[in-house]
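Just so you know, we're using the working numbering here: the sequence shown kicks off at 0 and counts up by one.
We put the CB at the ideal spot given by N, CA and C, even for glycine.
A quick write-up on the structure given underneath.
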Amino acid sequence: MDKIVDVIAAIAREKDIPEDTLFESLQAALLTAYRKNFGKNRQARVDIDRESGEIKIFSQYRIVEEVEDPEQEISLEEARKFNPIYEIDDVMEKEETPKDFGRVSALAAKQVVVQRIREAERSSIYEEYKGREQELIYSQIQRINNGVVYFNLGKAEAILPPKEQVAGERYRVGERLRTYIIEVKDDSRNAGEQQDRPQGKRKSLEIILSRTHPGLVRRLFELEIPEIMEGDVLIKAIAREAGSRTKIAVQAGREGLDPVGACVGPKGSRVNRIVEELGGEKIDIIEYTDDLAKFIEHALSPAKVTEVRILEERSAEVVVPDFQLSLAIGKEGQNARLAAKLTGVKIDIMSESQDEERKEHEDA
Numbered sequence: 000m001d002k003i004v005d006v007i008a009a010i011a012r013e014k015d016i017p018e019d020t021l022f023e024s025l026q027a028a029l030l031t032a033y034r035k036n037f038g039k040n041r042q043a044r045v046d047i048d049r050e051s052g053e054i055k056i057f058s059q060y061r062i063v064e065e066v067e068d069p070e071q072e073i074s075l076e077e078a079r080k081f082n083p084i085y086e087i088d089d090v091m092e093k094e095e096t097p098k099d100f101g102r103v104s105a106l107a108a109k110q111v112v113v114q115r116i117r118e119a120e121r122s123s124i125y126e127e128y129k130g131r132e133q134e135l136i137y138s139q140i141q142r143i144n145n146g147v148v149y150f151n152l153g154k155a156e157a158i159l160p161p162k163e164q165v166a167g168e169r170y171r172v173g174e175r176l177r178t179y180i181i182e183v184k185d186d187s188r189n190a191g192e193q194q195d196r197p198q199g200k201r202k203s204l205e206i207i208l209s210r211t212h213p214g215l216v217r218r219l220f221e222l223e224i225p226e227i228m229e230g231d232v233l234i235k236a237i238a239r240e241a242g243s244r245t246k247i248a249v250q251a252g253r254e255g256l257d258p259v260g261a262c263v264g265p266k267g268s269r270v271n272r273i274v275e276e277l278g279g280e281k282i283d284i285i286e287y288t289d290d291l292a293k294f295i296e297h298a299l300s301p302a303k304v305t306e307v308r309i310l311e312e313r314s315a316e317v318v319v320p321d322f323q324l325s326l327a328i329g330k331e332g333q334n335a336r337l338a339a340k341l342t343g344v345k346i347d348i349m350s351e352s353q354d355e356e357r358k359e360h361e362d363a
């Protein structure tokens with residue numbers, strides 16, 4: 000039995016798992032094995048000598064006048080053969096260590112140690128990546144199965160589910176790609192959920208990535224634009240339709256700085272690197288302002304705006320030159336839709352002639 004003690008001590012040191020945790024788990028495993036083989040309703044206690052490794056099983060019996068359940072009860076007459084001071088309703092402990100329990104304990108010890116190592120490693124990975132939620136990660140595609148892209152993170156594996164993939168993007172095994180960590184979850188931490196999950200459907204650690212989240216664009220700008228990391232340029236809002244177009248509003252963090260120019264870079268070099276990383280997705284960089292009408296005007300870029308009228312309940316009417324109407328609305332309404340998301344305002348766009356006709360109608 001001393002081998003069990005030595006193994007547990009060595010594993011505890013190597014894997015940084017408390018010895019008490021391993022011993023408690025071993026006791027629980029031995030108790031389960033004992034009940035499985037000698038009575039599932041039996042009340043018992045497992046004792047492990049921390050020096051010698053000797054294992055003893057103590058069955059527990061409630062003392063009664065008449066025994067109805069031999070697994071849990073013992074008569075007063077029988078109990079007093081062990082100790083004459085026993086009375087009715089006392090609990091008596093009796094050592095009943097099975098003869099072949101050494102083999103059972105060795106097997107249980109192995110299973111407990113393996114399980115605890117896995118749990119400790121999973122917990123370590125969980126804590127590491129849980130702290131990296133909403134961050135970028137640069138990793139290699141390991142495999143693709145049923146539309147799910149699996150990334151190799153070294154100690155762990157992450158998934159890019161179909162709903163987080165950009166429509167039209169093609170992924171290849173071996174390709175390295177930047178993704179955004181949107182969630183890290185460990186179902187094993189939720190005991191109730193695990194119990195309710197059908198057999199064969201249990202999951203453990205999941206690191207979920209995204210290529211569609213607006214946070215990916217934010218982190219790419221922080222990575223490529225030093226002024227953002229230094230706080231000289233502030234990202235105020237992002238509206239994105241992944242794979243097609245993004246609008247990002249930026250503001251100067253100090254006087255005299257052009258926030259849009261800083262993000263675009265010389266000859267567009269900075270923003271072009273981000274566009275390339277996003278597979279050619281168009282990016283409109285606009286200047287944020289606290290003047291809501293002006294902000295809406297900027298948000299509708301590249302269209303030119305004649306007038307912005309702010310209405311109640313976060314809505315606005317925007318008038319544009321007739322020849323700018325289709326540009327302001329955008330293909331399938333995309334430009335107007337992204338501008339509304341960016342500003343948080345419901346935007347109603349009309350041409351100058353439409354506005355004039357409406358005014359004439361109202362006057363009439």
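Burial state of residue i, where buried means 16 or more other Cβ atoms lie within 10 Å
{"i": "Ala27", "result": "exposed"}
{"i": "Asn40", "result": "exposed"}
{"i": "Ala298", "result": "buried"}
{"i": "Glu174", "result": "exposed"}
{"i": "His212", "result": "buried"}
{"i": "Val259", "result": "buried"}
{"i": "Arg196", "result": "With a pLDDT of 41 at Arg196, under the threshold of 50, the modelled position of that residue is not reliable, and no figure is offered here."}
{"i": "Lys330", "result": "exposed"}
Simplified DSSP assignment, three categories, for residue i
{"i": "Ser51", "result": "coil"}
{"i": "Val259", "result": "helix"}
{"i": "Gln133", "result": "coil"}
{"i": "Asp362", "result": "helix"}
{"i": "Asp177", "result": "According to the sequence provided, residue 177 is Arg. The question's Asp does not apply to it. Arg177 falls in the strand class under three-state DSSP."}
{"i": "Leu30", "result": "helix"}
{"i": "Glu23", "result": "helix"}
{"i": "Asp354", "result": "helix"}
{"i": "Arg142", "result": "strand"}
{"i": "Asp231", "result": "coil"}
{"i": "Pro197", "result": "Low local confidence applies: a pLDDT of 39 at Pro197 is under 50, so the model's placement there is unreliable, with the coordinate-based value given in what follows. The answer is coil: DSSP assigns Pro197 none of H, G, I, E or B."}
{"i": "Leu277", "result": "coil"}
{"i": "Gln114", "result": "helix"}
Span of the alpha helix (DSSP H) around residue i
{"i": "Lys293", "result": "291-298"}
{"i": "Thr371", "result": "An answer regarding residue 371 cannot be provided, because it is not within the stretch 0 to 363 covered by the chain."}
{"i": "Ile364", "result": "Given a span of 0 to 363 for the chain in the structure shown, any question on residue 364 remains unanswerable."}
{"i": "Ser203", "result": "From DSSP, Ser203 is part of no alpha helix (DSSP H); its letter is neither H nor E."}
Through-space distance from residue j to residue i, alpha-carbon basis
{"i": "Glu70", "j": "Arg44", "result": "14 Å"}
{"i": "Tyr125", "j": "Ala11", "result": "20 Å"}
{"i": "Glu134", "j": "Tyr33", "result": "48 Å"}
{"i": "Val274", "j": "Lys14", "result": "44 Å"}
{"i": "Glu120", "j": "Glu312", "result": "52 Å"}
{"i": "Glu168", "j": "Val148", "result": "12 Å"}
{"i": "Glu46", "j": "Ala107", "result": "Note on identity: in this sequence residue 46 is Asp, with Glu being the wrong assignment. Going from the Cα of Asp46 to the Cα of Ala107 covers about 14 Å."}
Unbroken beta strand (DSSP E) run spanning residue i, endpoints
{"i": "Arg217", "result": "From DSSP, Arg217 is part of no beta strand (DSSP E) but of the alpha helix (DSSP H) over 213-223."}
{"i": "Asn40", "result": "Note, Asn40: premise wrong, no beta strand (DSSP E); not H, not E."}
{"i": "Ser243", "result": "Segment: none, Ser243 is in no beta strand (DSSP E) and carries neither H nor E."}
{"i": "Val148", "result": "147-151"}
{"i": "Glu156", "result": "156-159"}
> Which whole runs of the alpha helix (DSSP H) in the region 49-104 are 4 residues long or more, in chain order?
Replying inline: Fully enclosed alpha helix (DSSP H) runs of 4 or longer: 75-78.
>> Give the list of continuous beta strand (DSSP E) stretches no shorter than 3 residues that lie fully inside the region 296-328.
In response: Scanning the region 296-328 for uninterrupted beta strand (DSSP E) segments of 3 residues or longer gives 306-310, 314-319, listed from N- to C-terminal end.
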